[in-house]
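Engineer:
Chains as they are written, first to last, in our numbering: chain A, 1 to 990; chain B, 1 to 191.
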């Protein structure tokens with residue numbers, strides 16, 4: 001029979017919209033509006049999982065986000081598999097497949113259940129004591145085994161097929177929680193047009209009003225009041241309603257993170273719609289109307305499937321029209337369960353209620369129930385339950401005022417609703433750094449003084465009466481004080497920790513924390529072993545540490561510690577709550593930042609041309625740069641050799657656009673550069689370029705590049721590709737904080753100017769026909785000069801510079817023109833065999849000439865002298881950034897690592913970059929390492945492999961043979977000058 | 001002897017904005033742009049230069065004649081904007097107006113790329129990556145500010161009453177910025 005436990009009428013489900021899901025391979029029929037938990041219960045499914053540690057059969061405990069037991073894997077199709085979903089918050093949707101976790105081989109027959117029998121040797125903290133010896137076993141055996149046993153669910157293997165997006169929003173008032181208090185707050189806050197966001201984690205707003213069938217508000221049924229309130233809010237343009245939206249993080253400055261579940265509840269995935277949306281809301285005022293969580297009762301075997309929270313029984317009956325059982329025993333220490341019992345009876349179920357309290361303490365509840373024909377047993381304790389995979393009976397016994405337990409009797413049942421009172425959901429308040437205050441009258445921590453512009457309202461601060469919740473919410477929303485008339489709510493409970501029992505408390509399992517399998521005796525053990533702080537108890541026993549953050553268990557654990565220590569609860573303290581309130585998917589956090597949008601991929605203006613001409617690219621910071629241009633059949637090695645040869649013999653063309661560029665303008669521009677760089681700038685004439693090196697305060701090389709003086713008050717500075725942003729920041733920092741008197745302005749023009757490097761003996765021949773207004777003759781436009789004019793009819797800043805050692809130009813043109821200019825050069829260069837080259841060939845060419853690359857020859861611990869550039873330092877300068885550090889004794893030591901060339905004895909051996917260098921490969925380990933290889937390439941121009949290295953006292957070791965690590969041992973190599981080609985640098989003047 | 005001036009190859013192909021659509025994300029045609037730096041006191045003293053108003057509040061923009069616009073992005077920083085063909089005239093006029101003063105006028109016409117975001121969901125889409133409050137009260141017509149869109153720095157302008165936002169970013173970030181806007185905008189596209 002389909003849905004045997006579905007009640008014939010009632011509920012907020014839509015019986016006209018049947019749907020079908022699967023649970024552990026079996027079809028489950030449900031209706032739109034069901035949660036997966038409701039659907040399972042409607043189909044008589046009680047056993048939904050195995051517990052974390054003891055693998056005990058577990059069912060559904062609650063109806064909401066506090067659920068500790070019913071964690072399911074949800075499968076919505078390929079790439080849409082997600083473990084550890086709480087069945088109580090996953091909406092039933094057509095076609096989804098859910099399955100239970102933490103069992104082998106099956107849910108019904110789980111070998112892990114042996115842990116339950118072994119429990120005497122698995123007490124709290126057992127792994128701290130058990131897995132100590134032999135020590136070597138920890139890494140190889142114990143830790144891997146424990147890791148395999150720990151953790152719930154199976155991580156998905158496929159890439160997530162869903163989309164996730166982020167949204168930022170601002171509002172005057174953010175109301176978290178759409179129950180009575182939250183609705184009233186939102187109404188009050190939005191009354192004057194202020195922007196209000198109301199978020200609730202459930203599919204429908206209303207909170208308790210969704211299952212309270214009898215209450216009235218201001219004379220109308222509560223359901224009508226709810227509908228009216230929602231209609232009012234929906235009609236206000238200034239109100240944003242966010243159902244299915246959980247506020248999970250409360251950060252500084254009223255910055256709240258929420259996750260909106262946009263897609264999962266829909267039967268069909270619309271590709272345009274994201275699955276979830278991360279909202280980051282900045283609110284002037286936050287109202288936390290997050291309600292309260294019901295506490296389970298702590299008694300032996302209180303975890304059998306079918307034993308659930310009393311209010312949850314009521315929710316399943318009233319909201320989902322599901323009977324969690326036909327014979328239900330309510331066990332309570334407070335008033336609220338009486339309403340649940342009455343509703344269960346009204347739904348036609350067989351109901352008994354057991355109250356730990358004496359009849360006199362119980363108020364009007366017992367009489368009310370007896371009038372409905374319900375058997376009420378006051379002054380009874382619960383000492384156990386019967387059944388295995390489903391509860392079959394509740395074992396109760398009378399208990400007197402002294403705690404003496406009388407004879408047991410078993411109340412046969414197939415469902416239990418228990419209530420140990422209520423705990424305000426103060427998680428977000430605690431995250432906001434607000435201090436909690438213990439309220440003895442309701443045995444709970446409630447929000448104390450807020451730390452931010454925040455107000456808690458209603459049950460979230462321990463106000464449980466409906467009318468009072470409404471008034472409190474209204475006031476929190478900024479409304480003028482007003483009263484609401486509403487049906488009085490049954491409130492009040494007697495705080496109980498572990499229920500009195502006639503059994504040996506050390507031999508029974510009375511669960512406090514269901515998700516982490518922590519029992520009352522574990523808590524007692526921890527206290528006995530000296531863990532008296534609640535923070536220590538928590539870590540030792542793991543109580544409250546699972547994904548549910550102890551929503552149902554915290555007060556029980558805290559109360560137990562206090563009781564055993566015989567201290568008041570506030571002295572034991574409470575733990576601090578941290579985000580997230582409930583688990584959040586990685587997808588939500590990541591949002592759009594995946595694939596091509598993970599990081600900006602910066603492409604230079606000539607990227608498309610390079611791609612079309614077969615370039616392979618490498619990442620340089622966020623940039624994609626053409627690495628080499630292999631022709632069909634060529635490997636990288638062959639391509640790079642060919643590209644290098646072309647530059648040395650004829651002409652190569654290279655996209656240098658990613659170079660950082662800064663326009664330095666102002667009367668004091670030269671003076672500014674004079675202070676930033678180690679070398680001299682004041683006398684550089686307009687039209688000339690100079691290579692500059694800059695240090696940080698510590699005296700180590702920070703960046704380098706060619707600087708051109710365009711005019712007396714205007715410089716065109718180039719930086720390394722990776723250094724562009726930090727050099728500008730460094731310069732701005734000095735300009736604004738150290739030298740505000742200098743009249744200088746800095747503007748980044750890295751992307752204004754594309755740079756085409758044309759390098760090789762025929763460079764001038766290719767360039768000349770395209771340029772107007774610039775005399776390219778060597779005499780009038782020498783090496784290290786800059787000219788302005790036009791190329792292909794567009795403006796250019798033409799640099800005659802070379803990073804290859806050949807005659808060369810760097811043609812700066814406005815970026816959008818680069819493609820056309822490049823193609824013109826390409827066409828002109830055909831007769832010379834013009835060859836595009838990539839960064840790898842560029843690296844080889846410059847290494848042949850011994851030019852350093854910042855970040856390759858330097859690593860933040862290298863001074864100008866270390867790389868042989870000490871001669872650049874303008875000694876006469878009074879100061880420059882880093883000057884004083886260069887005078888430190890350590891900077892002057894002769895054994896500093898210095899840049900040298902390395903020539904392996906085997907001429908074709910390309911040493912490994914990063915390889916360590918020693919003097920004697922036979923010395924005992926650990927060896928004295930002298931330095932490392934910084935750059936290493938095959939060089940056609942030299943006819944052999946070449947390498948640059950930083951070697952301790954390297955310049956004094958010229959000619960020495962040192963030994964360089966290789967994958968198989970050591971290779972001997974001779975120390976040489978770090979210039980391998982055209983040592984006098986004559987070719988650039990061609 | 002260059003036969004014909006080289007053509008521009010913009011990184012994003014321009015398209016026409018459709019403000020009536022639920023969401024319209026359209027790269028804009030090239031424009032003249034300059035970064036103007038000028039000490040705050042000088043800006044206050046002269047009020048405007050070459051028709052560009054300079055003494056507005058920070059994060060405000062002001063339209064000038066012939067489709068020109070000045071946006072004040074900092075105490076001493078303006079983004080000057082105009083039609084592409086006006087580039088040389090703007091440079092000449094501003095330099096003439098500020099001659100003798102300490103200032104920097106730097107052409108960034110090829111550095112920046114603009115994308116117009118319009119339509120009923122324009123704010124929601126921009127807020128997909130930008131944390132600013134874009135409500136009319138917080139970001140009224142005439143607003144202009146440097147901010148973030150996802151992992152890219154942008155300048156966000158709302159030049160006038162029209163519910164059209166203009167996002168300016170550096171050239172190489174434009175594919176990312178456009179990609180992020182389109183990704184976030186997918187749920188509204190065709191809606």
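Backbone N, C-alpha and C fix where the C-beta goes; we use that ideal spot for every residue, glycine too.
Hey, residue 87 of chain B and residue 144 of chain B: beta-carbon distance below 7 Å or not?
Structural biologist: Not closer than 7 Å, so no.
Engineer: In whole angstroms, what is the alpha-carbon distance linking residue 14 of chain A and residue 92 of chain A?
Structural biologist: Going by the C-alpha atoms only, they are around 12 Å apart.
Engineer: Tell me whether residue 52 of chain A sits in a helix, a strand or coil according to DSSP, three-state version.
Structural biologist: Here residue 52 of chain A sits in coil by DSSP.
Engineer: Checking the sheet assignment: what are the DSSP bridge partners for residue 418 of chain A?
Structural biologist: Paired residue(s): A:309, A:331.
Engineer: Residue 436 of chain A and residue 426 of chain A - do their beta-carbons sit closer together than 7 Å?
Structural biologist: Yes, the pair counts as a contact, with Cβ atoms nearer than the cut-off.
Engineer: Out of A:316, A:523, A:856, A:901, point me to the one whose CA is closest to residue 211 of chain A's CA.
Structural biologist: Among A:316, A:523, A:856, A:901, the Cα nearest to that of residue 211 of chain A is on A:316.
Engineer: Is there a Cβ of chain A sitting closer than 7 Å to that of residue 2 of chain B, yes or no?
Structural biologist: Because the pLDDT of residue 2 of chain B is 43, which lies under 50, any placement of that residue in the model is unreliable, and the number read from its coordinates should be weighed accordingly. Taking Cβ atoms only, chain A reaches closer than 7 Å to residue 2 of chain B, which makes this a yes.
Engineer: Report buried or exposed for residue 772 of chain A, applying the criterion of at least 16 other Cβ atoms within 10 angstroms of its Cβ.
Structural biologist: Per the 10 Å Cβ criterion, exposed.
Engineer: Do we get a CB-CB distance below 7 Å when we pair residue 659 of chain A with the residues of chain B?
Structural biologist: Not closer than 7 Å to any Cβ of chain B, the Cβ of residue 659 of chain A fails to qualify, so no.
Engineer: Do three or more CB pairs link the region 373-382 of chain A to the region 343-358 of chain A at distances below 8 Å?
Structural biologist: Contact holds: three or more Cβ-Cβ distances are below 8 Å.
Engineer: Buried or exposed for residue 188 of chain B, please, with buried defined as at least 16 other CB atoms from any protein chain shown within 10 angstroms of its CB.
Structural biologist: Buried: at least 16 other Cβ atoms inside 10 Å.
Engineer: Compare the C-beta of residue 228 of chain A with all C-beta atoms of chain B and state if any pair is closer than 7 Å.
Structural biologist: No - not a single Cβ of chain B is within 7 Å of the one on residue 228 of chain A.
Engineer: Which value, in whole angstroms, describes the spacing of the CA atoms of residue 646 of chain A and residue 841 of chain A?
Structural biologist: Cα-Cα distance, rounded: 10 Å.
Engineer: Going by CA-CA distance only, name the one from A:364, A:713, A:177 that's closest to residue 469 of chain A.
Structural biologist: Measuring from the Cα of residue 469 of chain A, the nearest candidate turns out to be A:177.
Engineer: Would you be able to state if there are at least three C-beta pairs under 8 Å between the region 584-601 of chain A and the region 147-154 of chain B?
Structural biologist: They touch, by the three-pair rule.
Engineer: Pick helix, strand or coil for residue 831 of chain A, following the three-state DSSP scheme.
Structural biologist: Residue 831 of chain A: helix per DSSP, three-state reduction.
Engineer: Just checking my contact of residue 333 of chain A with residue 297 of chain A at CB under 8 Å: how many whole Å lie between their CB atoms?
Structural biologist: Indeed, because the Cβ distance is near 7 Å, the residues count as touching under 8 Å.
Engineer: If you draw a straight line from the alpha carbon of residue 2 of chain A to that of residue 44 of chain A, how long is it in whole angstroms?
Structural biologist: About 10 Å.
Engineer: Which residue comes first and which comes last in the alpha helix (DSSP H) that contains residue 678 of chain A?
Structural biologist: Taken as a continuous stretch (DSSP letters only), residue 678 of chain A belongs to no alpha helix (DSSP H), as it is neither H nor E.
Engineer: Report back the beta-carbon spacing between residue 911 of chain A and residue 973 of chain A to the nearest angstrom; my notes put them in contact at under 8 Å.
Structural biologist: That pair is a contact at about 7 Å.
Engineer: Of all the residues that make up the region 164-195 of chain A, which are near chain B by a beta-carbon distance shorter than 8 Å?
Structural biologist: Listed by position, the residues of the region 164-195 of chain A near chain B (Cβ gap below 8 Å) are 165, 166, 167, 168, 169, 170, 195.
Engineer: May I ask you to list the residues that DSSP assigns as paired with residue 709 of chain A?
Structural biologist: Answer is A:715, bridged to residue 709 of chain A.
Engineer: Could you please give me the residues that DSSP links to residue 255 of chain A through a beta bridge?
Structural biologist: Beta-bridge pairing links residue 255 of chain A to A:251, A:282.
Engineer: Can you confirm whether the region 808-823 of chain A touches the region 600-608 of chain A when touching is taken to mean that 3 or more C-beta pairs between the two stretches lie within less than 8 Å?
Structural biologist: Flag = yes, the region 600-608 of chain A and the region 808-823 of chain A touch.
Engineer: List the residues that DSSP assigns as beta-bridge partners of residue 661 of chain A.
Structural biologist: Residue 661 of chain A is bridged to A:718.
Engineer: Going by beta carbon distance, what residues of the same chain come within less than 7 Å of residue 372 of chain A, once the five residues before and after it are set aside?
Structural biologist: The residues are 342, 345.
Engineer: Using a beta-carbon distance below 7 Å, is residue 431 of chain A in contact with chain B?
Structural biologist: No, residue 431 of chain A lies away from the interface with chain B (no Cβ there is under 7 Å from its Cβ).
Engineer: CA-CA distance, residue 679 of chain A and residue 701 of chain A?
Structural biologist: Cα-Cα distance, rounded: 13 Å.
Engineer: From the DSSP output, in three-state form, read off residue 538 of chain A for me.
Structural biologist: Three-state DSSP puts residue 538 of chain A in a helix.
Engineer: Ignoring anything shorter than 4 residues or poking outside the region 787-829 of chain A, list the alpha helix (DSSP H) runs there in chain order.
Structural biologist: If we require 4 residues or more, the alpha helix (DSSP H) runs fully inside the region 787-829 of chain A come out as 818-829.
Engineer: So, for residue 630 of chain A: in the same chain, excluding its five sequence neighbours on each side, which residues have a beta-carbon less than 7 Å away from its beta-carbon?
Structural biologist: The answer, listed in chain order, is 614, 616, 636, 639.
Engineer: Mind reading off the beta-carbon distance from residue 454 of chain A to residue 434 of chain A? Whole number of angstroms is fine, and I expect it under 8 Å.
Structural biologist: 7 Å between Cβ atoms; contact.
Engineer: Taking its Cβ as the centre, do 16 or more other Cβ atoms sit within 10 Å of residue 759 of chain A, making it buried, or is it exposed?
Structural biologist: Buried, since its Cβ has 16 or more Cβ neighbours within 10 Å.
Engineer: How should residue 401 of chain A be labelled, buried or exposed, when 16 other C-beta atoms within 10 angstroms of its C-beta is the threshold for buried?
Structural biologist: The residue in question, residue 401 of chain A, is exposed, as its Cβ has fewer than 16 Cβ neighbours within 10 Å.
Engineer: Exposed or buried, which one is residue 309 of chain A when buried takes at least 16 other CB atoms within 10 Å?
Structural biologist: So residue 309 of chain A ends up on the buried side.
Engineer: Specify the secondary structure class of residue 747 of chain A as computed by DSSP and reduced to three states.
Structural biologist: Of the three classes helix, strand and coil, the one that applies to residue 747 of chain A here is strand, per DSSP.
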